[in-house]
Structure formats: C-alpha cells, structure tokens
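Chains as they are written, first to last, in numbering that gives the first Met the number 0: chain A, 0 to 214; chain B, 0 to 214.
Okay, structure first, notes after.
Number of protein chains: 2
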Amino acid sequence: MTIETANYHHGNLRLALLDAAIDQIKEHGVEKLSMRGIARIVGVSQTAPYRHFEDKNHLLSEVATQAFTELYAISMAAIDPNESPIKNIHATGLVYLQYAINNPEKYRVIFGSRIQNRQSYPSMIEAGEKSFQILIDQVERGIEAGDFIPGCALILANTLWTQVHGAASLILDGFYINRELPMPFDDFLKAQIMIGSRALLLNPPPISLNPPNNS
Amino acid sequence: MTIETANYHHGNLRLALLDAAIDQIKEHGVEKLSMRGIARIVGVSQTAPYRHFEDKNHLLSEVATQAFTELYAISMAAIDPNESPIKNIHATGLVYLQYAINNPEKYRVIFGSRIQNRQSYPSMIEAGEKSFQILIDQVERGIEAGDFIPGCALILANTLWTQVHGAASLILDGFYINRELPMPFDDFLKAQIMIGSRALLLNPPPISLNPPNNS
DNA sequence: CCTTCAATGTATACACCGTCAACACCATTA
DNA sequence: TAATGGTGTTGACGGTGTATACATTGAAGG
C-alpha cells in the first residue's frame with residue numbers, strides 16, 4: 000500500500016536486499032557480493048541488513064534456495080510424462096546445462112563452498128533435493144520398463160547428476176575456453192549428455208559421434 | 000649454505016610463503032587464506048609476500064599448479080600399461096576421487112572460481128591438461144581395441160572426467176552427508192565409477208548393483 | 001487518544017583484509 | 001669503494017563482516 004515511503008522504515012527491506020544481492024551476484028559475481036554493498040544500493044545503513052539476515056551466509060542460503068527452485072522449475076518443465084525416461088533425461092540434462100551456462104554466478108552460489116554449513120539450511124537442501132528427485136523418478140521408470148540397469152535408482156540417478164554437474168562446473172570454470180572441440184559447443188553438450196546417459200542403458204545402441212545425431 | 004640467517008633477508012621466503020599458504024589452505028580452507036596471514040606465520044612484514052607474488056591470485060595459481068602435479072602423479076601411478084583401458088580408467092578414477100576426498104581444500108583451489116583469469120597462468124593449465132591426457136590415452140587404447148564407442152577420444156574422455164569431477168565436487172560440497180546410501184561409501188564410489196565408465200563401452204556387460212562387485 | 005513496546009533503522013567501532021608508495025638494508029658487481 | 005637492484009619494512013588507503021549501543025517508528029493495548 001505504501002508505495003513511496005522513503006522514510007525511516009523501508010517497507011520491505013528484506014526483499015529489496017535479496018533482490019540487490021541477486022543482482023550483484025549476476026552482475027559482478029559472488030566473490031564481489033558484500034553486505035555493505037547491497038545496503039548501499041538499497042540506500043540503508045551498512046548494518047541494516049543484519050535486521051533481516053543473521054549473517055552473509057544466511058543471505059546466501061536464501062539466494063541459493065531461490066536458484067534451486069528455478070532449477071527445479073526448468074527441469075520439471077522439460078519432463079514429458081508421455082516420453083521415454085531416456086528422452087526425458089536428455090531433455091532435463093540439456094536445460095540443466097543451459098541454466099548453468101546462462102546463470103553462472105547463481106550456479107556458483109548453489110554449488111561450491113561459498114555457503115558454509117549447508118546442512119543447517121534445511122529449506123535450501125530440500126529445494127535442491129526436489130530437482131534430484133525428478134531424475135530419480137525417471138530412472139525408476141526406466142528400470143521398471145527394463146531399459147536401465149536393474150538396481151538402486153538413487154545410485155544410477157546420481158551418476159547422471161554427477162556427470163551433468165561436472166560438465167557444468169568445468170564449463171563455468173573455463174576449462175573449455177581454449178580447448179579445440181571437434182563440433183560446435185551446443186552439439187558437444189548434447190553429445191556429453193547422450194554419452195553419459197548411455198551408462199544406464201541395459202543394451203545401449205551403437206552411437207555415431209561425428210557428426211552427432213540429435214535424436 | 001646460510002641455514003640460520005634470521006636476519007633482514009630471509010633466504011628463501013618465496014618457498015616458505017608457498018608452504019605456509021598450502022598449510023593454511025589444508026588447515027583452515029582457501030576462504031581463510033590471507034596474504035597477511037602467511038606473512039605473519041613466516042614472520043615477515045605483511046607486504047613482504049608481494050616481492051615474490053604479484054598478488055594473491057598469482058600465489059593461488061602456484062598452489063594450484065602444485066596440486067595439479069600431485070593429481071597427475073597419483074593418476075599416473077594408477078595406470079598399468081599391461082592392463083585393459085577400462086581397468087586403468089577405473090583405477091585412475093578411484094585414486095582421483097580419493098585425492099579429492101583426502102585433500103578437499105586443495106581440490107577446491109584447482110577447481111572452482113577462486114582463481115580468476117585461469118588462462119593467464121599457462122603453466123597451471125598445462126599441469127591440469129597432463130592429467131586429462133592420461134585419460135585420453137586410455138580412451139584411445141580402448142577405441143583402438145574395439146572396446147569403446149568409436150569416435151573422438153577427447154569427447155569420451157571428457158565424459159569420464161566430468162562424471163568423476165562432478166562426484167568429487169558434490170562429495171566435497173557435502174551433498175552426501177545426510178543422504179542414505181544402500182552401500183558403504185567406498186563401494187558407492189566404486190559403483191559410480193563403474194557405472195559411469197559403462198557409458199564408453201560398445202557392449203557393456205550386464206551389471207549387478209546390490210551387492211556391488213569389486214572386479 | 002495516549003502510552004508502550006517490539007521491530008526496524010542508524011552510528012560507531014573493532015579487527016580483519018588486499019595492496020600501494022616510500023623508505024631501509026644489504027649482497028653483488030663494476 | 002661506490003652504486004645498483006633485489007628484498008625487506010613502515011605506514012596508509014579503502015574495503016570487508018559484524019558487534020554494540022542508540023534512535024525512530026508503527027501498531028497494540030489500556
């Protein structure tokens with residue numbers, strides 16, 4: 000209701016700070032994020048943020064929760080219940096990589112050790128688990144259909160996750176900047192996902208790498 | 000020759016600082032490493048390190064180079080030219096994961112974005128590439144033997160690398176701390192490597208996940 | 001309506017940090 | 001012997017996270 004207070008009390012400082020934080024992270028990276036900086040942007044004193052976030056770590060955990068939720072949303076949107084598990088896995092893998100590439104600094108917040116004591120932020124953990132569950136569900140479907148290796152779905156889903164996360168990490172860390180690839184980068188991403196997911200297949204089809212097929 | 004100078008000139012400050020840095024990283028993590036801190040430990044003034052390292056980033060790049068070299072050494076030691084490529088890949092994967100787990104803070108230095116402008120430290124890059132080359136060599140052998148998918152060895156080796164690196168990262172980031180696994184952690188690691196490397200095999204053998212086999 | 005109180009903001013301060021500039025020491029070498 | 005350049009120190013600037021004490025306020029209760 001009070002659109003223009005501009006007074007002693009901000010109105011919704013908590014949200015404004017979170018927005019400013021995400022903005023700074025996007026713009027200048029997590030490393031450059033500072034509590035004093037976002038206070039300056041929002042136009043409050045340097046200690047005002049501490050009325051809303053216990054410390055910088057808590058603020059970061061909320062940024063991470065938000066990013067995890069975005070990751071869940073786009074992963075979920077890539078799932079088509081009528082499609083085969085392997086196709087859904089390919090699709091989610093690709094949008095996952097694209098999210099990481101398009102939001103490198105947010106991705107760096109949710110993974111890596113900038114947030115300490117992760118286990119003391121259960122809502123953040125939960126937001127992360129939800130994305131992983133998408134993968135587990137598809138793997139279970141694949142196992143039941145007899146397409147995937149029988150056994151524990153969590154273990155198989157984890158292999159997929161580690162491979163895609165590893166690819167995302169190495170890309171963001173710049174390990175492919177000067178590396179010569181035998182194909183366009185987009186095809187490289189697809190190839191990585193296709194090859195990696197082959198690990199789950201009971202009878203993987205032969206595969207031709209150059210040129211990569213898109214199916 | 001001058002063992003006990005304790006004078007104005009230190010003698011080998013550069014090395015002492017590097018050692019102190021690695022020590023601090025091991026002990027308290029990269030985040031806590033400070034130029035002033037290592038100067039204090041070594042017993043010199045806070046700006047003395049700048050006579051030997053242009054800035055903190057340069058110092059970190061040297062720590063990373065050293066860690067990459069260690070990683071190369073243990074990976075190389077796990078290779079047996081008389082063994083099959085797939086077995087060598089399993090062996091290097093395992094020691095790689097063990098290195099990450101036993102040296103979490105060093106691993107965090109060489110990956111992640113604590114070091115900025117990686118491409119301006121060519122000797123560090125090169126040290127990293129050498130480890131990757133081990134993987135490429137084995138993959139080439141596997142392709143030539145007709146065991147692996149034919150095509151570009153770099154692409155296949157990369158899939159292996161991303162999967163193992165992803166696993167290492169997630170482990171270090173604490174994503175398995177409260178996760179219930181259906182097997183002991185060591186077996187979990189082996190299972191991840193075995194499943195992941197299946198992706199390369201032209202005709203992967205059926206696999207039984209519980210209990211995991213060790214061959 | 002007025003008082004009170006908890007929530008929210010500020011001012012100040014402490015102990016750190018990376019790094020720059022100016023100066024001090026000293027081994028080597030011309 | 002004098003000079004030079006490598007290596008160390010001092011001191012400073014501007015930044016950081018955050019603790020403590022104080023100020024302002026909107027809302028709730030008498």
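Every residue gets a Cβ at the ideal spot worked out from N, C-alpha and C, and that includes glycine.
Since we're looking at a predicted model, the values are computed, not measured.
Tell me whether the beta-carbon of residue i lies closer than 7 Å to the beta-carbon of residue j.
{"i": "A/Ile109", "j": "A/Phe67", "result": "yes"}
{"i": "B/Glu168", "j": "A/Ser196", "result": "The residue asked about is misnamed: residue 168 of chain B is Ser in this sequence, not Glu. For B/Ser168 and A/Ser196, no; Cβs fall outside 7 Å."}
{"i": "B/Leu188", "j": "B/Pro103", "result": "no"}
{"i": "A/Arg117", "j": "A/Val29", "result": "no"}
{"i": "B/Thr91", "j": "A/Ala166", "result": "no"}
{"i": "B/Ile124", "j": "B/Ala152", "result": "no"}
{"i": "B/Leu17", "j": "B/Ile24", "result": "no"}
{"i": "B/Ala198", "j": "A/Ala198", "result": "yes"}
{"i": "A/His89", "j": "A/Ile192", "result": "yes"}
Under 7 Å between C-beta atoms, does residue i make it to chain B?
{"i": "A/Asp172", "result": "yes"}
{"i": "A/Pro48", "result": "no"}
{"i": "A/Ile88", "result": "no"}
{"i": "A/Ser168", "result": "yes"}
{"i": "A/Ile133", "result": "no"}
{"i": "A/Pro80", "result": "no"}
{"i": "A/Pro84", "result": "no"}
{"i": "A/Gly165", "result": "yes"}
{"i": "A/Arg197", "result": "yes"}
{"i": "A/Ile194", "result": "yes"}
{"i": "A/Pro204", "result": "no"}
{"i": "A/Thr158", "result": "yes"}
{"i": "A/Pro183", "result": "no"}
{"i": "A/Thr161", "result": "yes"}
What is the DSSP secondary structure of residue i, counted as helix, strand or coil?
{"i": "B/Leu17", "result": "helix"}
{"i": "A/Leu134", "result": "helix"}
{"i": "A/Phe147", "result": "strand"}
{"i": "B/Leu200", "result": "strand"}
{"i": "B/Ser112", "result": "coil"}
{"i": "B/Met182", "result": "coil"}
{"i": "B/Phe67", "result": "helix"}
{"i": "B/Asp22", "result": "helix"}
{"i": "A/Val43", "result": "coil"}
{"i": "B/Ser119", "result": "helix"}
{"i": "B/Ser33", "result": "coil"}
{"i": "B/His9", "result": "coil"}
{"i": "A/Phe174", "result": "coil"}
{"i": "B/Phe52", "result": "coil"}
{"i": "B/Ile78", "result": "coil"}
{"i": "A/Asn102", "result": "coil"}
{"i": "A/Pro84", "result": "helix"}
{"i": "B/Gly127", "result": "helix"}
{"i": "A/Ile154", "result": "helix"}
{"i": "B/Gly195", "result": "helix"}
Kindly indicate if chain A contains any beta-carbon less than 7 Å away from that of residue i.
{"i": "B/Phe147", "result": "no"}
{"i": "B/Phe110", "result": "yes"}
{"i": "B/Ile176", "result": "yes"}
{"i": "B/Gly92", "result": "no"}
{"i": "B/Arg117", "result": "yes"}
{"i": "B/His57", "result": "no"}
{"i": "B/Ile100", "result": "no"}
{"i": "B/Pro121", "result": "no"}
{"i": "B/Ala190", "result": "yes"}
Grab me the residues of residue i's own chain with a C-beta within less than 8 Å of its C-beta, minus the 5 sequence neighbours each way, in chain order.
{"i": "B/Ala15", "result": "His9 and Val41"}
{"i": "A/Ile133", "result": "Tyr71, Ser74, Met75, Ile78 and Thr91"}
Looking only at its chain, what residues have a beta carbon closer than 7 Å to the beta carbon of residue i, apart from the 5 residues adjacent to it on each side?
{"i": "A/Pro204", "result": "none"}
{"i": "A/Ala47", "result": "Leu12 and Ala38"}
{"i": "B/Ser122", "result": "Thr64"}
{"i": "B/Asn81", "result": "none"}
{"i": "A/Gly36", "result": "Gln23"}
Here's a check: name, in chain order, each residue in its chain whose Cβ is nearer than 6 Å to the Cβ of residue i, leaving out the five neighbours to either side.
{"i": "B/Lys129", "result": "Tyr71"}
{"i": "A/Met34", "result": "Pro48 and Lys55"}
{"i": "A/Val138", "result": "Ala152, Leu155 and Ala156"}
{"i": "A/Leu200", "result": "none"}
Problem set entry | At least three beta-carbon pairs within less than 8 Å, the stretch 150 to 161 of chain A to the stretch 168 to 181 of chain B | yes
Exercise. Pairing CB atoms from the stretch 63 to 77 of chain B with CB atoms from the stretch 98 to 105 of chain B, are three or more of them under 8 Å?
Worked result: yes
Problem set entry | Touching by the beta-carbon criterion (3+ pairs, under 8 Å), the stretch 46 to 66 of chain B and the stretch 111 to 128 of chain B | yes
Exercise. Between the stretch 146 to 153 of chain A and the stretch 77 to 96 of chain A, do at least 3 Cβ pairs fall closer than 8 Å?
Worked result: yes
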